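Each residue of the sequence shown is one higher than the one before, starting from 1 at the first, in UniProt numbering.
We treat Cβ as the ideally placed atom computed from N, Cα and C, and that holds for glycine.
Model, not experiment: these values are computed from the prediction.
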Amino acid sequence: MKQGDMETTDEAFEALLRYMRDSRGFDFTGYKRTSLMRRVRHRMDHAGYDTFEQYLDVLQASSDEFSALFNTILINVTAFFRDPDAWEYIRTDVIPQMLAERGPDDPIRVWSAGCASGQEAYTLAILLTEALGPDAFRQRVKIYATDIDEEALTEARAASYDERAVESVPPDLLARYFEQLNGRYVFHKDLRRAVIFGRNDLVKDAPISRVDLLVCRNSLMYLNAETQRNVLGRLHFALAAQGTLFLGHAEMLLSHADQFTPLNLKHRVFVRRQAPTPVSTVTTPQHRCTTDMASFTGLPPYASWLFGPARSPR
């Protein structure tokens, strides 16, 4: 492709991204261009379109095609106990230490950011129930599970999975935490009440606050360096003092030593640093979740307490 053609293609692609942001409210401008363009082209090839200009015209006219593109971009790859060794470290080291640092009745706040269809959030629920017991789990724990994809959130709220999806759940835990219904495995309803699902865009929406354990796996890797820096500032803001951040296997924080201290680099587990973060490195959240917070399952209309009192990043 000639230089002029490449520039035209880039401009047309940026116009498509601006349309998605300005007209549909989905901002992918902070995503890495190489992987993002590859996913858009994959959908275009499947649908039979050659140019970004042509495809933009189609998106403006067809909500079905927009939904198909959206799902292609987000590719929700998730699983129960994904990367088992890392989850074993969370079970044997992170959760016991977190509980030891708190009183027997203190609340525990957990955030699964980019939860997709819910497997990660329910993995957290299983491990915390194992550590606390069912009664204390119901009384003390709130797991806030967020994603940008409403269809994935609908699936997550249903908590119903096919046999293939639960293959990675150890048999004893599968028997304890799921019931079989119409050939599917449904997470126990009495424990499900502690898991609160809602829409949140990590790039632009305000973070949940005072979080003890924040799981954000395999989301940062798709963002460019500037957007990663801004999102990490929000995650730092979200964590309580000495809160723990659990990232994906392909994600590192080598340039963010002022915000996070490695707890276990192999498993990508970090602790929030108390040292002040320079204001210039953090984009202060300006938006709440784009849906009414009352849409979070189980929350009353006055549930602004979800984010906690306003405060500045430490």
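* Are three or more beta carbon pairs between the segment 219 to 229 and the segment 132 to 142 nearer than 8 Å? -> As far as the Cβ criterion goes, the segment 219 to 229 does not touch the segment 132 to 142, which means the pair count is below three.
* Cβ-based burial, residue 182 [other Cβ within 10 Å; buried from 16] -> When all chains shown are included, residue 182 counts as exposed.
* Cβ-Cβ distance between residue 91 and residue 59 below 8 Å -> For residue 91 and residue 59, no; Cβs fall outside 8 Å.
* Take residue 21 as the anchor and find which of 66, 50 and 210 has the nearest alpha-carbon. => With distances taken between Cα atoms, residue 21 lies closest to 66.
* Should residue 301 go down as buried or exposed, given a rule of 16 or more other Cβ atoms within 10 Å for buried? -> Because the pLDDT of residue 301 is 32, which lies under 50, any placement of that residue in the model is unreliable, and the question is left without a value.
* May I ask which residues mark the beginning and end of the beta strand (DSSP E) holding residue 265? => No beta strand (DSSP E) contains residue 265, which DSSP labels as neither H nor E.
* Straight-line gap, residue 40 to residue 203 (C-alpha atoms, nearest Å) -> The straight-line gap separating the alpha-carbon atoms of residue 40 and residue 203 is approximately 20 Å.
* Asked: How many angstroms separate the CA atom of residue 84 from the CA atom of residue 266?
  -> Straight-line Cα distance between these residues: approximately 13 Å.
* **Nearest-angstrom beta carbon gap, residue 153 and residue 197 [assumed within contact, 8 Å]** => About 5 Å; that satisfies the 8 Å criterion.
* Asked: Using the rule of at least 16 other Cβ atoms within 10 Å of the residue's Cβ for burial, across every protein chain shown, is residue 258 buried or exposed?
  -> By the neighbour-count rule (16 or more Cβ atoms within 10 Å), residue 258 is not buried but exposed.
* Asked: Nearest to residue 141 by alpha carbon, out of 165, 53, 195 and 164?
  -> When each option's Cα is compared against that of residue 141, the closest is 195.
* Counting only runs of 4+ residues fully inside the segment 53 to 129, write out the alpha helix (DSSP H) ranges in chain order. => Scanning the segment 53 to 129 for uninterrupted alpha helix (DSSP H) segments of 4 residues or longer gives 63 to 74, 84 to 89 and 95 to 100, listed from N- to C-terminal end.
* Which of the three DSSP states, helix, strand or coil, is assigned to residue 223? -> Note: residue 223 maps to strand in three-state DSSP.
* Asked: How would you label residue 120, buried or exposed, when you count the other beta carbons within 10 angstroms and need 16 or more for buried?
  -> Buried.
* If you check the beta carbons only, do residue 122 and residue 187 fall under 8 Å apart? -> Against a cut-off of 8 Å, the Cβ pair of residue 187 and residue 122 comes out as a contact.
* Asked: What are the boundary residues of the alpha helix (DSSP H) that includes residue 150?
  -> Residues 150 to 158.
* Asked: Taking the DSSP output, what are the residues bridged to residue 161?
  -> The beta-bridge partner set that DSSP reports for residue 161 consists of 185.
* To do: Measure the CB-CB distance between residue 72 and residue 42 and report whether it falls below 8 Å.
  => Yes, these two residues count as a Cβ contact at 8 Å.
* Kindly indicate which three-state DSSP category residue 284 falls into: helix, strand or coil? => Its pLDDT being 41, under 50, residue 284 is placed unreliably in this model, and the value from its coordinates should be taken loosely. Of the three classes helix, strand and coil, the one that applies to residue 284 here is coil, per DSSP.
* According to DSSP, which residues form a beta bridge with residue 211? -> DSSP lists 239 as partners of residue 211.
* Where does residue 100 land, buried or exposed, given buried means 16+ other C-beta within 10 angstroms? -> Classification of residue 100: exposed, given that the 10 Å Cβ count is below 16.
* To do: Could you work out which residue in 93, 274, 118 and 10 is closest to residue 160 when comparing CA atoms only?
  => Nearest C-alpha to residue 160: 118.
* **Three-way DSSP call (helix, strand, coil) for residue 40 in this model** => Residue state, collapsed to three classes: helix.
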